[in-house]
Structure formats: C-alpha cells, structure tokens
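Engineer: The sequence shown runs 20 to 689 under the working numbering. Quick reminder that beta carbons are idealized off the backbone N, C-alpha and C, glycines included. Pasting a structure here, questions to come.
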Amino acid sequence: MNRTLRAIVGAALVLVIAFSGISICQNLGRRWKVDVTDQKLYTLSDGTKAILGRLNQPIKIKFFYAKTAAMKGPDQIRYFNNYSEFVRALLDEYVAASNGMVQLQVIDPRPFSEDEEQALRLGLRRFPITEEESFFFGLAVQTQFGVEKTIPFFSPDRQNFVEYDISYLIDTAITRQKTRVGIMSSLPVMGDDVTGYMAQMMRMQGQQPKPAWTIVEHLRQKYDVTEVPTDVTDINDVDILIVIHPKDLPERTQFAIDQFVLKGGRAIVCVDPHCIVDRPQRSPMQMTAEKQSSDLDRLMRMWGLSMPANTFAGDRSLLLEAPLTANQRPQPIMGFLGLKPPCFNEEKAITADLNEVRVLFAGVLREVSPAGPMEAADPNRGDRGPDGIVRTPLIMTTEKGNSWSVSSSFELMFPDPDKLMAKFFDGTQPVPMGYLVTGRFRSAFPEGIEVEAEEAAENDDDDEPNEPRRVTKRITGLTEASADCAVAVFSDVDFLSDQMAYANSLFGRMVVGDNSALLMNTIEDLSGSGDLISIRSRGNYKRPFTVVDEIEQQAERETADEVALINAQIEGFNLELRNLVESGQAGEQEEVIGSSIIEKKRQLELKIREAQRQLREVNARRRERIEHLGSILRRFNMGLVPGVIMLVALVLGLWRSFRRRHYISHASDA
C-alpha cells in the first residue's frame, strides 16, 4: 500500500472515529450533564421529581413548535426560537427522570398536514404568519385512559413558570380534583359578568364590559374560581378564600370569614392603607380625599397582627422610579419599593425562590397580643408565641427599612416625592409587609353577632296573608378552632393589579417580577400541595447584563445633578419672563436688540448647549465602557477554545519531548 492510499485510509478512519465518538457522547453521555446556570434552570426541582415518581401509568407529551414557520416570521416570532430550545431541554429532563413513564414527541406542524390538524384539534393557539404558514408553540399531555391536558401557548407572561405549568399538567392529568378558590373583594377584580345579550347591549351603547384582572384569569386556568359576595353570612364550598381590599365589610361578612377560618378553611387577606387602584369618583374641586384604605382590624388582632392607619413601609435601597405625570421624568418615590433578596423569608417555600416583588404604598404589619397591648415585633421570628400562634414574616424591607406616616390620605392624592422622602429616616431592622399566621385561632366574635331577618308575623285570620316583619336575631358559631388554622396577610393590594404585576406585549400581558408568583405560591402552600410549591418562580432563562446595567446607571447618576441644575435655571428664567410680561415691561423691550431678556435667552441657550455637549460626552464615555466590556468578552469567547487546544498541544509536546529524551538516555546507557 503506497503512502497516498495510507493517508486516505487514515483520514477516513479519523472521520469514522470522530463521528462515532460524537454519536456515543450524544447517546451514552446524556446522563452526564452539569447545569452551570445561576439558578439551576435546567435541573428539575424536587417537586417535579416527586410528581414523576408517583406516575403509575405511561403518559405522552406532544411538544408543538413551528420551527420552520418561525424562521420565516418577523423578529417577534423568531424570538421564540431560544425559548423553545429551553422548553425542549426541560422536557428532555422530564423524560430522563421519569424512568420510562414519559414519552416525548416533538412536532413541527407544517401547513395542511395531519400535525397541524392535530394541533388545532387539541386547542393550541394559532398565529397566521403568511397565507399558508402558521405559528404554533404549545404542548399536550395525553394518558392511556384518554385524558388530555394542554398548554395552548407558551406565552411570555409564563416563562418563569414553565416547569410548574408542565408539572401541573402531568399532575392534573392523573388526578382530577381541583382546588376551589373563592375571591371576595370591594374592587371589580372579577370584571363584569355579562355575556350574550347584555354584553351586546353594552357595546351598542359604547360601553365595554370590564375584563377581570389578569391574575384572576391565571387563577382560572389552574383552579375552580368563584366570586364570594361581600355581604354573606356563611362561606361554603370554598377551599381557599382570597380577600382583596376588604373595604368597609359589614360585621356579618367579617363573622363569616372568622367562622370559615375556624372551621379549617385557608384564607389570604390583602389589606392596604392606601390602595392606588381603588380610584373613587371625585370632582376636580373636591378637597377632601375619599377613603382608599381597607382593613380587617378585628380579625387581624385575633390573629396577632395590626396595621396602623396612614403608615407605610419605606427603604431607600429599594426605591423604584416612576413618572407622576405623562411628561415628567421618572423619579424615586418613597413607598414604591422593589423587594429583592434578602427581603424574602428563605425558610418558607412561599418566598424562598422569589426574585423581585414590587409594592406600592404597602402598610406596616406589627405583631400584637390578641388580648393586650402591642408587643415589640422581631421580623425574623417565626416561633410559637405565648398565645400558641406562629407568626412568620414572608416579605419585608432590608435592615435599613423603616415606617413613615402621613397625616391623612389627602397628601397622597397629589404626592410630592421630595416631601415624602423627607418623612423617612433609615431604621435598624426590617419592616414586615406580609405574614403567614398558623395555630389554633380564637373567634373574634365569641358571643356571635346580631343580624336582622324577616319573619312571618302571626295572624289569626287565615284568609289574610301574613305580613313579614323584621326581627333581630343572634347568630353564634365556633369560639375556638379544633385544629390548626392558616392565614396569609399582606399589607398591599396594588401588587396584584395589572399595572404592577404585568406589562403589555405582542402576545398579551407579560409577567413583571414575581408579584403573581407570590400569590400563586401562597395558594399552593395553603392548599397543601408541597410538590408544586417547590417548582414556582425558578427564575428567567434570560439573564440580565448586570454589569452593563450598573455602568449605565452610574453614568446616569453622574449627569443627574447637572441636568437638574439646568432645569432649575430654565424654570427660574421662565418665571422671570412671565413676571415681565404680566407687568407690561416686555412690550417696551421686545424690539430692543440688547434687552436683558434676549441676552438672558442667549445665555440660557448657551448653557443648554454646553450641558447637552457635556451629556453627550458622558454618554460617549459610557458607550465606550460598554463596548470595551463587550470587546473583552468577545475576545475571551473567541480565544477560549483555541487557547485550550494550544494548552493541550503544549502539554503533549512537552510530554513527548520528555519521553524522547528518556528513551535516548536509556538507549545510550544500554
């Protein structure tokens, strides 16, 4: 065999070995994986593994993603390519952890195919791209007994909950019981319950039925959600009761909540010292603020909690910026807080994996004795108190947080950020805004309540109908629970609103932070589903560029004082100009070229141009720092693999040189 033929055969054998090695690594090395993401996004949680371990029947997962159509779609569609790869990788983990009980089928539905027809039959959402191409991105779980559960579309507002949604589908496919959730609120959180003729009549009159809050729509996807009126005397057929903004609830309704909890029902109570989404109708000339607060003081005191009126939680390190008017630049507002770790209780599954929760004018929750004066609260305490009740803080400020107060809610009708900031002083310990309270509660109405009822009046004349009369009756109930109760209390309502928890996107509302996750976690924890609670809010597969963000924020802080100074000069000049116009001096000077007004205008324009030039220089330096960082990362990524190869080659070369010298030395000795 000549040298050319040997070279060709050798090259062919190298290719065969290389492709064989790749195939072996892809098949046999699937279990040898390391999740190096910050929040272990590609590692299944213990809850998912427990659900998969309970499978007693094989299930089939059909993952529909129109990859071919996505490549032809606009940028908004191509965005989902990375998202679909994340979902696919997560589904592979389900298959690997199921011991053969989960079968995965990946489908790219093409136009006019049986796959497309199957996707439509399963109820997956369809987004037309062209006359023929349609975009699908959903999932279906099927059991051998004919049960089908679907995720119609992996929308952006659920990207933090992908693992939970998939595990929930598997869990509900093999168990058919649904948690019953009742919602009681003085706000229209459930929307207008009108359909058919009434909805058509409203549209003809130019009115649109108010939709339910987005958080309610998400609850309806997972639970059996019903509305509980605010004037009930008894609450039945509900597993979890959510009370949102209990504003001026009558005594009989508070009694119904009290008895519901004492009988073993679980409750989530959201009160608020100043609810922004509660916008009462007021005239522009009205100088008195209508009540926008809510409380359940009598019940909360028996649970060992109190929320002072017109008192709010604050923390300078957690402040968020927002514009007060449409044309005003955003500025930090005391009371608008972005809670981040360590503001969450890491010992409770409800809050252990939260990343960010935004609250707006949240109240202060303080621990009190149900039968005595207020106690000093330890925000880190979760031990059983002398009354046998355990109060565990869930969300709080940092150690520098503190409470601040206003004299009346009128100060918050048109808030002045500087004045609100002046009311706050740094504290020394966290301020709780959420509690989980467990234990054997006592009734807040031990003697019952008196209610008015209609009773038929006695009448001797049988021919005459008995006229009903109103009488007062006393209703009694349990005075103490026979088993442990559980209630979660939050001192904010706005965090559940669409403005705080969601943002608009091309495919509907998108989740902002973990506001909705906090409520979902609490429901799962109170309903006793420990497997699902450990799956929630596991972070976003898209990681932020924190270093770049810090560079941009630092540059903005460097220019903030200068911009504020120029704005102040402009405002002072405008005020002086208005005074001159009102006094009639402007008309005498408007034709004088060297007038002081024109000269001041020129000076101001020069100052503005100089400030803009300095601002451009700062932005240029900021951009240079960002591009320098990108260049370093690009060089590192490009040089990493060649560097490793060169290092291996160097080590092999040194090793061969050492072996050669060692062989020559032995040969010469022989």
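Can you tell me which of I36, I185, V262, R140 puts its alpha carbon nearest to the alpha carbon of L515?
Structural biologist: When only C-alpha atoms are compared, the closest one is V262.
Engineer: Using alpha carbons as the reference points, say which of F355, L158, F677, A275 lies closest to P465.
Structural biologist: For P465, the nearest C-alpha among the options comes from A275.
Engineer: Thinking just about the alpha-carbon of each residue, which of N255, D256, G210 is nearest to the one in E236?
Structural biologist: When each option's Cα is compared against that of E236, the closest is G210.
Engineer: Using the Cα positions of R679 and V670, report the straight-line distance between them to the nearest angstrom.
Structural biologist: Cα to Cα, the separation comes out at about 14 angstroms.
Engineer: Quick check: the Cα distance between S186 and L143, rounded to an integer number of angstroms?
Structural biologist: For S186 and L143, the distance between alpha carbons rounds to 18 angstroms.
Engineer: Around the C-beta of P265, are 16 or more other C-beta atoms found within 10 angstroms, so that it is buried, or is it exposed?
Structural biologist: Buried: at least 16 other Cβ atoms inside 10 Å.
Engineer: Within the same chain, show all residues whose beta-carbon is closer than 7 angstroms to that of E270, passing over the 5 residues directly before and after it, in chain order.
Structural biologist: Hits under 7 angstroms: I468.
Engineer: Based on Cα-Cα distance, which residue from V512, S422, V470, F460 lies nearest to L497?
Structural biologist: Closest by alpha carbon: F460.
Engineer: Measure the C-alpha to C-alpha separation of H647 and F655 and round it to an integer number of angstroms.
Structural biologist: When rounded, the distance between both Cα atoms is 12 angstroms.
Engineer: Quick check on the DSSP output: what are the complete alpha helix (DSSP H) runs of length 4 or more inside the region 416-491, in order along the chain?
Structural biologist: Segments of the alpha helix (DSSP H) lying fully in the region 416-491: 436-441.
Engineer: Do you know offhand how far N523's Cα is from G672's?
Structural biologist: Spanning the two alpha carbons is a distance of roughly 59 angstroms.
Engineer: Could you pull the start and end residues of the alpha helix (DSSP H) that T541 belongs to?
Structural biologist: Counting along the chain, the alpha helix (DSSP H) containing T541 begins and ends at 534-545.
Engineer: Around the C-beta of A396, are 16 or more other C-beta atoms found within 10 angstroms, so that it is buried, or is it exposed?
Structural biologist: With a pLDDT of 42 at A396, under the threshold of 50, the predicted position of this residue should be treated as unreliable, though the coordinate-derived value follows. So A396 ends up on the buried side.
Engineer: Along the chain, where does the beta strand (DSSP E) containing I202 start, and where does it finish?
Structural biologist: It spans 199-204 - the beta strand (DSSP E) in which I202 sits, taken as one unbroken run.
Engineer: What's the gap between the Cα of G613 and the Cα of L343?
Structural biologist: Residue confidence for G613 is low, a pLDDT of 48 falling below 50, so the modelled location carries little weight and cannot support an answer.
Engineer: What does a CB cutoff of less than 6 angstroms around A192 pick up in its chain, not counting 5 residues either side in sequence?
Structural biologist: If we look at A192 and ignore the five residues flanking it on each side, its Cβ neighbours are V160, T162, V166, K168.
Engineer: Give me, in chain order, the residues of the same chain whose beta-carbon lies closer than 6 angstroms to that of Y682; leave out the 5 immediate sequence neighbours on both sides.
Structural biologist: Hits under 6 angstroms: none found.
Engineer: Please state the DSSP three-state secondary structure of R22.
Structural biologist: Reduced to three states, the DSSP call for R22 is helix.
Engineer: Should the region 312-319 be called in touch with the region 529-548, which here means at least 3 C-beta pairs below 8 angstroms?
Structural biologist: Not touching, per the Cβ criterion.
Engineer: Less than 8 angstroms between CB atoms is the rule here; does V506 satisfy it with respect to chain C?
Structural biologist: Among the protein chains of the structure shown there is no chain C, as only one such chain exists.
Engineer: At which residues does the alpha helix (DSSP H) containing L519 begin and terminate?
Structural biologist: The identity of residue 519 in the sequence shown is Met, whereas the question assumes Leu. Taken as a continuous stretch (DSSP letters only), the alpha helix (DSSP H) holding M519 covers 517-520.
Engineer: Mind checking which residues open and close the beta strand (DSSP E) that includes G333?
Structural biologist: Here the beta strand (DSSP E) through G333 covers 330-333.
Engineer: May I have the straight-line CA-CA distance separating F155 from Q76, to the nearest angstrom?
Structural biologist: For F155 and Q76, the distance between alpha carbons rounds to 28 angstroms.
Engineer: Where L701 and D127 are concerned, what is the direct C-alpha to C-alpha distance, given to the nearest angstrom?
Structural biologist: In this structure the chain extends from 20 to 689, so residue 701 is not present and cannot be described.
Engineer: Count the other C-beta atoms from every protein chain shown that fall within 10 angstroms of the C-beta of D65, then say buried if there are 16 or more, exposed otherwise.
Structural biologist: D65 should be labelled exposed.
Engineer: If distances are taken between C-alpha atoms only, which option among G284, V280, D297, L339 comes closest to M321?
Structural biologist: Closest by alpha carbon: V280.
Engineer: How is I369 classed by DSSP in three states: helix, strand or coil?
Structural biologist: Here I369 sits in coil by DSSP.
Engineer: Taking buried to mean at least 16 other C-beta atoms within 10 Å of its own C-beta, is A639 buried or exposed?
Structural biologist: By the neighbour-count rule (16 or more Cβ atoms within 10 Å), A639 is not buried but exposed.
Engineer: Please look up how many angstroms separate the CB atoms of R285 and A505, rounded, as I've assumed it's under 8 angstroms.
Structural biologist: Right, the Cβ-Cβ distance comes to about 5 angstroms (below 8 angstroms), so this counts as a contact.
Engineer: Thinking C-beta only, is M326 closer than 8 angstroms to V383?
Structural biologist: A contact, by the Cβ cut-off of 8 angstroms.
Engineer: Check each candidate in M519, S684, V667, A31 and name the one with the smallest Cα separation from C294.
Structural biologist: Ranking the options by Cα distance to C294, first place goes to M519.
Engineer: From the DSSP output, read off the bridge partner residues of E147.
Structural biologist: With the sequence shown as reference, residue 147 is identified as Pro, and Glu is not the correct amino acid for it. Answer is S153.
Engineer: Three or more C-beta pairs under 8 angstroms: does that hold for the region 407-422 against the region 440-452?
Structural biologist: Flag = yes, the region 407-422 and the region 440-452 touch.
Engineer: Leaving out five residues on either side along the sequence, give the residues of the same chain with a beta carbon under 7 angstroms from the beta carbon of T491.
Structural biologist: So the qualifying residues of the chain are E469, E471.
Engineer: Check Y682 in the structure and name its three-state DSSP category.
Structural biologist: Reduced to three states, the DSSP call for Y682 is helix.
Engineer: With DSSP run on the structure shown, which of helix, strand or coil describes T87?
Structural biologist: Looking at T87 - three-state DSSP - the assignment turns out to be helix.
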